[in-house]
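Participant: Heads up: the sequence lines are chains A and B, in that order.
For the record, in the first sequence the residue sitting at position 192 is 192 according to this note's numbering, with numbers rising by one throughout.
For the record, in the second sequence the residue sitting at position 302 is 1302 according to this note's numbering, with numbers rising by one throughout.
The beta carbon of each residue, even a glycine, is placed where N, CA and C say it ideally should be.
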Amino acid sequence: MIHDSPLRYYRDLIIILTQKELKVKYKRSFLGYLWSIANPLSLALVFFIAFKVVMKIEIENYTLFLISGLFPWQWFANSVNSLPVVLLINASLIKKVNFPRELLIVASVLNDMLHFILSIPVIVLFLIFYGMRPDLTWIVGIPLLLSIQFIMVCGFGMALAAINLFFRDLERLTFIFTTLLFYLTPIIYSENMIPEKYRHLISFLNPLVPLFVSWRSLFMEGSLNFERIVAPLLFSVILFLIGYAIFRRLKWKFAEVL
Amino acid sequence: MRTLAVRFEGVYKQFPFYQTITTGGFKSFMLHMPKVISSLKKTRFMALQDLTFDIFHGETVGIIGENGSGKSTILGLIAGVLKPDRGTISINGNVSSLLELGAGFHPDLSGEENIILNGILLGLTRREVIKRIDKIREFSGLGEFIYQPVRTYSSGMYARLGFSVAVHLEHHILLVDEVMAVGDAEFQEKCLDKIEEIKRSGATIIIVSHDLPLITNICDRAIWIDKGRAKSVGEPEGVAKDYLARTGRSIGLSCQDSAVPAEMKEDKGSEESGEKKQTPSWWDSPLILGHVEGLITGDRGINFYRFLRREYVNEPLDKGLCIRSRLSAIVDKFIKGGICKGFDVIEVAPDSEADDDTINRISLPAQTNYYDLFVSIDALRRIRDSREFLTKVRTSLKERGLVIAIEYIGTAEGKISKEQEEILSMFYRLLPHHYRTGMTMGHPSNGGYQAGPSLIIPTLYDLFEIDTIKYLGGSLYGPLFSNISTGFDVIEKEASSLMKVILEFEQVLIEKGILPNNYAMVIARKRSGK
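1. Run through chain A and tell me which residues come within less than 7 Å of B/I1116, C-beta to C-beta.
2. Do B/V1006 and B/I1055 have their C-beta atoms within less than 7 Å of each other?
3. Does the stretch 1512 to 1528 of chain B come into contact with the stretch 1417 to 1424 of chain B, if we say contact requires no fewer than three beta-carbon pairs (one atom in each stretch) closer than 8 Å?
4. Is the beta carbon of B/D1318 closer than 7 Å to that of B/D1372?
5. Considering only C-alpha positions, which residue in the set A/F219, A/F71, A/L87 and A/R101 is nearest to A/L43?
6. Does any CB atom of chain B fall closer than 7 Å to the CB of A/R172?
7. Report the neighbours of A/F99 on chain B: residues whose CB is nearer than 9 Å to its CB, in chain order.
8. Assuming contact is defined by CB atoms lying nearer than 7 Å, are B/L1098 and B/T1073 in contact in what I supplied?
9. Contact defined as beta carbons within less than 8 Å: I believe A/W75 pairs with A/F212. What is the distance between those atoms, to the nearest angstrom?
10. Name, going along the chain, the residues of the stretch 1125 to 1153 of chain B whose beta-carbon falls closer than 7 Å to a beta-carbon of chain A.
11. Let's see if you can read the secondary structure: which residues bound the beta strand (DSSP E) around B/M1046?
12. Along the alpha helix (DSSP H) that carries B/C1322, what are the first and last residues, could you check?
13. Please return the same chain residues whose Cβ sits closer than 8 Å to the Cβ of A/L22, not counting the five positions on each side in sequence.
14. Cutting at 8 Å between CB atoms, please list the residues of its own chain near B/R1527, excluding the five before and the five after it.
15. Out of curiosity, what's the CA-to-CA distance linking B/I1335 and B/L1509?
16. Pairing CB atoms from the stretch 1125 to 1143 of chain B with CB atoms from the stretch 3 to 20 of chain A, are three or more of them under 8 Å?
17. Closer than 9 Å by beta-carbon distance: list the chain B residues that pair up with A/R8, in chain order.
18. Anything in chain A within Cβ reach of B/S1097, meaning under 9 Å, just list it in chain order.
19. Quick one, which of B/L1397, B/I1383 and B/V1292 has its alpha-carbon nearest B/D1344's?
20. Is there at least one Cβ from chain A nearer than 7 Å to B/L1498's Cβ?
21. Identify the contact partners of B/L1082 in chain A, using a Cβ-Cβ distance below 8 Å as the criterion.
22. Decide if B/Y1519 is buried, meaning its Cβ has at least 16 other Cβ atoms within 10 Å, or exposed.
23. Listing by chain order, which chain A residues have their CB less than 8 Å from the CB of B/A1005?
24. Taking C-beta to C-beta, are B/I1523 and B/I1404 nearer than 7 Å?
25. Report the residue from B/D1220, B/T1003 and B/Y1312 whose alpha carbon sits nearest the alpha carbon of B/N1092.
26. Return no unless some Cβ of chain A is closer than 7 Å to the Cβ of B/F1015.
27. Could you name each continuous alpha helix (DSSP H) segment of 4 residues or more that falls completely within the stretch 1059 to 1093 of chain B, going from the start of the chain to the end?
28. What three-state label does DSSP hand B/I1120 in the structure shown?
29. If contacts are defined as beta-carbon pairs under 8 Å, then B/E1407 and B/R1381 qualify, I think. What distance do you get, rounded to the angstrom?
30. Roughly how many angstroms separate the alpha carbons of A/R8 and A/L241, rounded to a whole number?
31. Does the beta carbon of B/G1162 come closer than 7 Å to any beta carbon on chain A?
32. Specify whether the stretch 143 to 163 of chain A and the stretch 227 to 242 of chain A touch according to this definition: at least 3 beta carbon pairs, one from each stretch, less than 8 Å apart.
33. Are B/I1115 and B/V1061 close, meaning C-beta to C-beta below 7 Å?
34. Residues in its own chain within less than 6 Å of B/H1168 by CB, not counting five upstream and five downstream?
35. By the DSSP assignment, the alpha helix (DSSP H) with A/L31 in it spans what residues?
36. Compare the C-beta of A/K20 against all C-beta atoms of chain B and say whether one is closer than 7 Å.
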């Protein structure tokens, strides 16, 4: 689309699309925002009972340990699971209007990211409950990790959304993939509980490992290990480039298959 | 100097049938992978083929064509959501699409929120939408509903909102895809006014529609797309006519005349929706038909078929026999009009003189007491021995069977006077030139027919019990009846009206005794007991 001020237009489009999602999500529900934290909190409760109460896992402050991994995970999983269908939902628009389709993905990821940001105060509450306090490193750490995860999820999203139009089984596969990935990422267990011989292999194969370990140490210890985030950063940039390339390549076919 | 808004140059667009992957499922995809992939390459649907056209700034162009002819593909290409396989498309200016019902609206957002969402999606910045929001709100006429979620809207209100947004964006090129049919009459009028206004503002409008009157009314040009090619480009009237002529239907454009009874129009409506395509015949011109029917029934307000039902046929008859030289639509009309359920038809070649073959070609079904109805249309005089033929007809008719004959009854001498000929030639000159060619004077040439036309009535008298004779036309009626029916353009209102006037004049002259009455409809019954 030809436009006098493309940057402002892009900004407006992203804002309105994100706003739409936000408004729509809780428009007709009574408790609104509470629902976005209720889900990870209830999951945390289930895992707490299963692993702490029943299986007596030896991790201190296990509740805090759980939610500091579960909240960012919730963002990742929600986005990745919903992105394959995001183009399908907007089919009527895509068939008629030539707006930058990439922004549908971006807005959807932004929306889930906002929910995650809004749930950070809950983490703070738990920190205080366990007698700890947020650290100044958060000011650098949170935006940094947010950007890495944002780029990564967008990369996944573009590839998944584009390919799913031609291969609808992908949305089911994605769901299975994220479920597996959840247990392959140290969220309900700690990284050093992985047997020594697999530890390096897993964190090498699964770039989410260093990312989620970083989230947790940032929230719980206020520490940020820059060496550990180089790998996920590289991974997310490469993934984004690949995802975007796939998206661009298939973009012209969207209106044909929808 | 006109500047180009849209240019298509040798554009090709194919669609593969993507379903082949998914319909077969994963198993068959894996098992027959090479086959599926090669079939994907082969089974492609040619949506557009070598399409070239120009649209200039400020023009309003209508695109017509049957479903699946590629119209929407063209809009998709202009909107930039599709890419051509070959050829080039250049667009000058920004394009806005009039979205189909509610596309891009979110049901849970209010009308106002949706205006902003839609406006931005269609290419405006937020500030630009806000600037127009009052106008849009006012134009939509939704009142307080604008603050309600659009899921509470009726489909008409949806359409109003969509239309209101799209037309207020002030884009250079507006694409309208068959969405104007929604909303009430008042709003539709408003839409048309607005489109006129956009037209005047110098914007380019491209409309896809099946509504031919709409296209002819508001477009400067029309393009008829057939199987992905531009079949005809130019004046909307001309293109619409070409389009109708090919499909053989008289959709919408048929002249509306008060003389045509309402029932008649309904009749036409059901014909349009029917699968069967027919070449429009002279009998199908509502103007002429209304006129002739009026002459027959004596009252323009009464449909011919209703007249027949009222006067002669109470229950639809079971089986009819029709002999005709032209006007194939008549049989359908008899069936639709509830006169008769089915017909056997004998065709007599329209231009043939009654040669030796004629009677042999007419193989009258041998059954006796078989038909309820015999309809003859301008055919008896073409038969060498009409008496022999009519005797056969009589045997095949049931007791009290009905005979309807619209026939040339001629003058006793079979010729007309000098004075009469002068009057007739005056009328002929009035007709548009191309309808005149091939026209002969109504009376049969001497010796051409062994059974003189004047014998038809006596024969009918002899064989049947005559109920009514309605005289309905003089010498002009013959050539109109037999010659014009192929060349006559039933769609063309002007020609139709002219014919009607001529027939009317002739009727007056017949009544005054100046012209002989050459045509009549005879209604008769088979005598019982003989």
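Facilitator: According to the structure shown:
1. Working through the second sequence from its first residue, we reach residue 1116 of chain B at position 116. Near B/I1116 (Cβ distances below 7 Å), the residues of chain A are I16.
2. Along the second sequence, one-based indexing puts residue 1006 of chain B at 6. Along the second sequence, one-based indexing puts residue 1055 of chain B at 55. Yes. Within cutoff.
3. yes
4. Residue 1372 of chain B sits at position 372 when you count from the first residue of the second sequence. Residue 1318 of chain B sits at position 318 when you count from the first residue of the second sequence. Closer than 7 Å, so yes.
5. The count along the first sequence starts at 1 and reaches residue 43 of chain A at position 43. For A/L43, the nearest C-alpha among the options comes from A/F71.
6. Position 172 of the first sequence, counted from the start, is the residue given in the question as residue 172 of chain A. It does not; no Cβ of chain B falls within 7 Å.
7. Numbered from its first residue, the first sequence carries residue 99 of chain A at position 99. I1120, L1121, L1122 and G1123, listed in chain order.
8. The residue given as residue 1098 of chain B occupies position 98 in the second sequence. The residue given as residue 1073 of chain B occupies position 73 in the second sequence. For B/L1098 and B/T1073, no; Cβs fall outside 7 Å.
9. Translated into the one-based positions of the first sequence, residue 75 of chain A becomes position 75. Translated into the one-based positions of the first sequence, residue 212 of chain A becomes position 212. In fact, because the Cβ distance is near 11 Å, the residues do not count as touching under 8 Å.
10. T1125 and R1126
11. As a first step, residue 1046 of chain B must be located in the second sequence, where it is residue number 46. Where B/M1046 is concerned, the enclosing beta strand (DSSP E) stretches over R1044 to F1056.
12. Taking the second sequence and counting its residues from 1, the one referred to as residue 1322 of chain B is at position 322. Taken as a continuous stretch (DSSP letters only), B/C1322 belongs to no alpha helix (DSSP H), being part of the beta strand (DSSP E) at L1317 to R1324.
13. Position 22 of the first sequence, counted from the start, is the residue given in the question as residue 22 of chain A. Closer than 8 Å at the Cβ level, and outside the excluded window around A/L22, lie N111 and L114.
14. Counting from 1 along the second sequence, the entry for residue 1527 of chain B is found at position 527. Taken in chain order, the residues that qualify are F1464 and E1465.
15. On the second sequence, position 335 is the one that residue 1335 of chain B refers to. On the second sequence, position 509 is the one that residue 1509 of chain B refers to. Cα to Cα, the separation comes out at about 34 Å.
16. yes
17. On the first sequence, position 8 is the one that residue 8 of chain A refers to. Neighbours of A/R8 on chain B, chain order: T1125, R1126 and R1127.
18. Residue 1097 of chain B sits at position 97 when you count from the first residue of the second sequence. Within 9 Å Cβ-Cβ: K96, V97 and N98.
19. Translated into positions along the second sequence, residue 1344 of chain B becomes position 344. The shortest Cα separation from B/D1344 among B/L1397, B/I1383 and B/V1292 belongs to B/L1397.
20. For the purposes of this step, residue 1498 of chain B is taken as residue 498 along the second sequence, with counting starting at 1. Chain A, which has no Cβ nearer than 7 Å to the Cβ of B/L1498, makes this no.
21. Residue 1082 of chain B sits at position 82 when you count from the first residue of the second sequence. Those are W252, A255 and E256, listed as they occur along chain A.
22. In the second sequence, the residue the question calls residue 1519 of chain B occupies position 519. Buried, by the Cβ-count rule.
23. Here the question's residue 1005 of chain B lines up with position 5 in the second sequence. None at all; the shortest Cβ gap to chain A is about 13 Å.
24. Residue 1523 of chain B sits at position 523 when you count from the first residue of the second sequence. Residue 1404 of chain B sits at position 404 when you count from the first residue of the second sequence. Yes. Within cutoff.
25. Reading the second sequence from its first residue, position 92 is the one you call residue 1092 of chain B. For B/N1092, the nearest C-alpha among the options comes from B/T1003.
26. Within the second sequence, numbered from 1, the residue matching residue 1015 of chain B stands at position 15. B/F1015 counts as touching chain A.
27. 1071 to 1079
28. Taking the second sequence and counting its residues from 1, one reaches residue 1120 of chain B at position 120. B/I1120 falls in the helix class under three-state DSSP.
29. As a working mapping, residue 1407 of chain B is identified with position 407 in the second sequence. As a working mapping, residue 1381 of chain B is identified with position 381 in the second sequence. With 8 Å as the limit, B/E1407 and B/R1381 qualify as a contact, their Cβ atoms being about 7 Å apart.
30. As a first step, residue 8 of chain A must be located in the first sequence, where it is residue number 8. As a first step, residue 241 of chain A must be located in the first sequence, where it is residue number 241. C-alpha separation (whole angstroms): 24 Å.
31. The residue given as residue 1162 of chain B occupies position 162 in the second sequence. It does not: the Cβ of B/G1162 has no partner Cβ on chain A nearer than 7 Å.
32. yes
33. The residue you call residue 1115 of chain B lines up with position 115 of the second sequence. The residue you call residue 1061 of chain B lines up with position 61 of the second sequence. Going by C-beta atoms, B/I1115 is not nearer than 7 Å to B/V1061.
34. Along the second sequence, one-based indexing puts residue 1168 of chain B at 168. Closer than 6 Å at the Cβ level, and outside the excluded window around B/H1168, lie R1132, K1135 and I1136.
35. By one-based count along the first sequence, residue 31 of chain A stands at place 31. A/L31 -> no alpha helix (DSSP H), and no H or E assigned at all.
36. Here residue 20 of chain A refers to the residue found at position 20 of the first sequence. By this cut-off, A/K20 is an interface position.
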